[in-house]
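In order, the protein sequences belong to chains A and B.
If you read the first sequence in this note's numbering, its first letter stands for residue 659, the second for the next number, and so on.
If you read the second sequence in this note's numbering, its first letter stands for residue 659, the second for the next number, and so on.
Where is the CB? At the ideal position from N, CA and C, for every residue including glycine.
Each remark here refers to the structure printed beneath this line.
Number of protein chains: 2
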Amino acid sequence: MHLRLKKNSTAVRMKLTSAAQDATDTEKRGRKASKETRRQQLIEATIDSLAKRGYSETTLADVADGAGLSRGIVNFHFESKEKLLIATLQYMADEYAANWGAALDKAGDKAAAQLWALVACDFDRKICTKRKLAAWCAFWGEAKSRPTYQALCGARDVKYQEIFLALCQTLKDEGGYAYEPEGMTLALCASMEGLWLRLMMGDGLTREKAHAAAVEYLLVAFPTHFTREGPK
Amino acid sequence: MHLRLKKNSTAVRMKLTSAAQDATDTEKRGRKASKETRRQQLIEATIDSLAKRGYSETTLADVADGAGLSRGIVNFHFESKEKLLIATLQYMADEYAANWGAALDKAGDKAAAQLWALVACDFDRKICTKRKLAAWCAFWGEAKSRPTYQALCGARDVKYQEIFLALCQTLKDEGGYAYEPEGMTLALCASMEGLWLRLMMGDGLTREKAHAAAVEYLLVAFPTHFTREGPK
DNA sequence: ACATATTTGCTGAACACTCATTCAAAATAT
DNA sequence: ATATTTTGAATGAGTGTTCAGCAAATATGT
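As structure tokens, this is what we get:
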């Protein structure tokens, strides 16, 4: 069970919120945490549990313990375990999409630079954690038999793959390459997903090595556009 | 529950096994099935259940029903659910290894032909079924938190990847390519695993298209060795 | 300011249910 | 007759869900 002061904790908390109202948010911990903050906290605990124990052994008790809250809490903030898991997947999908969206914006308007950025951001520190990869993989494992998961995992690609394809097409025209762009794009995207899978399995593969492998692919596919250090 | 005749079913079964002792094995169904046959039967039912319901919803009751046998049967032939699942994964790993082993034998001794065969056999009818892919993926999802699964999923690569690397190395020397062979091999293997993942997800991707994408990769990586139709 | 009422967030014990496992009895094979 | 295989009901541990009640925060009254 988690320890928690009963009577006198009030005074402590009041002092904290008034004296050390430091920085960012008025809502931080204790009762004061807003609904959205709690949901966030529970989602993080869910990712932890998925990474640590896997999908099939993730229990609400474990999530609650991980968040330092009580047993019934999930059914209060989410309606059910199922809803919590869906919200968790949704959160990860949104984060992923936001990440490559931002990378694309920063990349300028040359196609080569954009493709490079898109590949690089998949191996970004923020996204490509063992913890997050394990959570993704846990959902993949269940996706086949759960349409909702499948939709959310797939939504990852709807826009993404279109952009990828368009970029490969552009580079092909620029460089006069001979390949068939659809197959090329598919193989490239699949390669990055496969690298994620291997990173998660953890055969001593590092983020850097995985990224280097993806880059190696870019080099052979688009030799006139890239060097190992980046777009020309 | 599964329906089953009680008293008179014996006669029916006897007639089947004596009159219609058709073809292959003396041991087929009914009591007569040997230990090994029953285990096999239960493993197949397990793969079915993994594919249909996913890892977390696969129950012994479902496996037993799928095999047309009673509830307690798994604990008789396997000691526990855990052991059944491990035996199932072991079976799939063995089948996979046997498949690429055979493909390699048939490919002759030219490195290009061998690599081509190795890539092709991953998309073979026998191996690359939705059913089997879903089962693989179910195990991948749990592998992170289960050393035993991880070992069996990883064993897939121990020899495999060595051979792959050696072949890429050979082709590089023959063709005077400029890439770094480790990264190249890793990206290629990862690409095929990623294609499996996508096949399983089922975005209207077919075995043929997935194979074509892998081939597209081979073409750009080893342009002097391959055409879309095969090794030169 | 202080007291009281109401709302909101949270708790944890109780409940219902699923499911792996056990085992005595039955069916079958040798 | 004995050994082996199979059955299916019983068992018990584990887990998601419910809900009455508690406590903090806020609103309202004096």
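Within chain A, the residues that residue i reaches when beta carbons sit closer than 9 Å
{"i": "B:R856", "result": "D815, L844, C847, A848 and E851"}
Contact set between residue i and chain B, taken where Cβ atoms lie within less than 7 Å
{"i": "A:Y875", "result": "A845"}
{"i": "A:E838", "result": "E874"}
C-beta contact flag for residue i and residue j at 8 Å
{"i": "A:G730", "j": "B:M859", "result": "no"}
{"i": "B:L776", "j": "B:W758", "result": "yes"}
{"i": "A:A765", "j": "A:Q772", "result": "yes"}
{"i": "A:A848", "j": "B:A871", "result": "yes"}
{"i": "B:C795", "j": "A:W798", "result": "yes"}
{"i": "B:R814", "j": "B:D706", "result": "no"}
{"i": "B:M842", "j": "B:A879", "result": "yes"}
{"i": "B:R865", "j": "B:L857", "result": "yes"}
{"i": "A:F781", "j": "A:A868", "result": "yes"}
{"i": "B:K739", "j": "A:S803", "result": "no"}
Beta-carbon neighbours of residue i, restricted to chain A and to distances below 7 Å
{"i": "B:M859", "result": "A801, Q808, C811 and G812"}
{"i": "B:C795", "result": "W798, G799 and K802"}
{"i": "B:A792", "result": "K802"}
{"i": "B:A870", "result": "G841"}
Same chain, Cβ closer than 6 Å to residue i, five either side skipped, listed in chain order
{"i": "B:A681", "result": "Summary for B:A681: the model assigns pLDDT 28, below 50, so the residue's position carries little reliability, and this model does not support an answer."}
{"i": "A:T716", "result": "S707 and L708"}
{"i": "A:W854", "result": "L791"}
{"i": "B:I785", "result": "N757"}
{"i": "A:A703", "result": "V721, G724 and A725"}
Nearest-angstrom beta carbon gap, residue j and residue i [assumed within contact, 8 Å]
{"i": "A:E832", "j": "A:Y713", "result": "At roughly 44 Å, the Cβ-Cβ gap does not stay under 8 Å, so A:E832 and A:Y713 are not in contact."}
{"i": "B:A769", "j": "B:T828", "result": "4 Å"}
{"i": "B:L699", "j": "B:A719", "result": "Just to set this straight, residue 699 of chain B is Gln in the shown sequence, not Leu. 16 Å between Cβ atoms; not a contact."}
{"i": "A:Y837", "j": "B:A845", "result": "Not confirmed; about 15 Å, so no contact."}
{"i": "A:A751", "j": "A:L810", "result": "5 Å"}
{"i": "B:G852", "j": "A:G852", "result": "4 Å"}
Residues bridged to residue i [DSSP beta-bridge criterion]
{"i": "B:T885", "result": "B:G888"}
Partner residues on chain A for residue i, Cβ-Cβ distance less than 8 Å
{"i": "B:E715", "result": "S803"}
{"i": "B:G712", "result": "G799, E800, K802, S803 and R804"}
Within chain B, partners of residue i - CB distance below 8 Å
{"i": "A:V878", "result": "Y835, Y837, M842, V878 and A879"}
Beta-carbon neighbours of residue i, restricted to chain B and to distances below 9 Å
{"i": "A:A760", "result": "Near A:A760 there are no residues of chain B at all, since even the closest Cβ is about 24 Å away, more than 9 Å."}
{"i": "A:A709", "result": "K802 and S803"}
Close beta carbons around residue i, own chain, < 7 Å, minus the five adjacent residues each side
{"i": "A:I701", "result": "A745, T746 and Y749"}
{"i": "A:G888", "result": "W774"}
{"i": "B:Y807", "result": "L747, F797, E800 and A801"}
{"i": "A:T882", "result": "G833"}
{"i": "B:S728", "result": "A722"}
8 Å Cβ shell around residue i - same chain, five flanking residues per side excluded
{"i": "A:K817", "result": "A755"}
{"i": "B:F822", "result": "L773, L776, T843, L846 and C847"}
{"i": "A:P839", "result": "L823, C826, Q827 and K830"}
{"i": "A:T885", "result": "L877"}
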